[in-house]
Amino acid sequence: AQGIGSGQLLALALERSVDFVVALLATLKCGAAYLPLDLKQPAGRLADILQDSRADLLISQRVLESRLPRSESPARLWLDDEASTLAALPSTAVQAGDDADAPAYVIYTSGSTGMPKGVVVEHRAIVGYLAAVADLLDPPPAARYGLLSTVAADLGHTQLFGALCNGGSLILVDEDTSFDPLALADFLGEYPVDVLKI
Numbered sequence: 076a077q078g079i080g081s082g083q084l085l086a087l088a089l090e091r092s093v094d095f096v097v098a099l100l101a102t103l104k105c106g107a108a109y110l111p112l113d114l115k116q117p118a119g120r121l122a123d124i125l126q127d128s129r130a131d132l133l134i135s136q137r138v139l140e141s142r143l144p145r146s147e148s149p150a151r152l153w154l155d156d157e158a159s160t161l162a163a164l165p166s167t168a169v170q171a172g173d174d175a176d177a178p179a180y181v182i183y184t185s186g187s188t189g190m191p192k193g194v195v196v197e198h199r200a201i202v203g204y205l206a207a208v209a210d211l212l213d214p215p216p217a218a219r220y221g222l223l224s225t226v227a228a229d230l231g232h233t234q235l236f237g238a239l240c241n242g243g244s245l246i247l248v249d250e251d252t253s254f255d256p257l258a259l260a261d262f263l264g265e266y267p268v269d270v271l272k273i
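Mapped onto our numbering, the consecutive letters of the sequence shown carry residue numbers 76 to 273.
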């Protein structure tokens, strides 16, 4: 409905949550690529990334608006504002493209050697990487993957796609818990994981 399709880039400004995973999958199913934003970054850095990436749409929630740069560009889609519209949509599958060379996502470097740079990761690259990791780790069937790190770096994608592409469970650890060793120990005691990359 937003006119998003192949060759476009959607910025995802969401916390580690089911909403993030759904938005990511919806983006890929539209044939577009996604740009995960780390909401712990200063608004100035997020503004620079959005300007440099020329993202076509920013998906977020109103509760996170104060953590985002104030700008007219890109256009914004607020999931909470659209909740009733989204809930009324049909649950039929969207036909996604199958171009292995198409961009899947864009990750920005830390900028430690100057300006941060956007790295485009193709579908072929992430699939090859996940296959290599699965061969190396040989996780048990229906493994439980714990997602602790930011999805704005490749570190988080190992867990995210490792679970989604291998029939596993994805355990999303909220930011407060992930930065508190005792809370994290309690959490992992209640929700044990087989694979954790930190």
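Glycine is no exception: its CB is placed at the ideal position from the N, C-alpha and C atoms.
On a predicted model such as this, the values are computed, not experimentally measured, just so you know.
- Secondary structure note for Y204: its alpha helix (DSSP H) is the uninterrupted segment H198 to L212.
- Proximity of the stretch 170 to 182 to the stretch 146 to 153 falls short of the contact definition, fewer than three beta-carbon pairs being nearer than 8 Å.
- Residue environment for A130: buried (at least 16 other C-beta atoms within 10 angstroms of its C-beta).
- By the neighbour-count criterion, in which 16 or more other beta carbons inside 10 Å mark a residue as buried, Q234 falls on the buried side.
- Distance from the CA of A238 to the CA of T225, rounded to the nearest whole angstrom, comes to 16 Å.
- Straight through space, the alpha carbons of C105 and L230 are spaced by roughly 24 Å.
- The alpha-carbon separation between L121 and L143 amounts to approximately 7 Å.
- Between I246 and L222, the C-beta spacing is below 8 Å.
- The stretch 157 to 165 and the stretch 84 to 96 do not touch, with fewer than three beta-carbon pairs separated by less than 8 Å.
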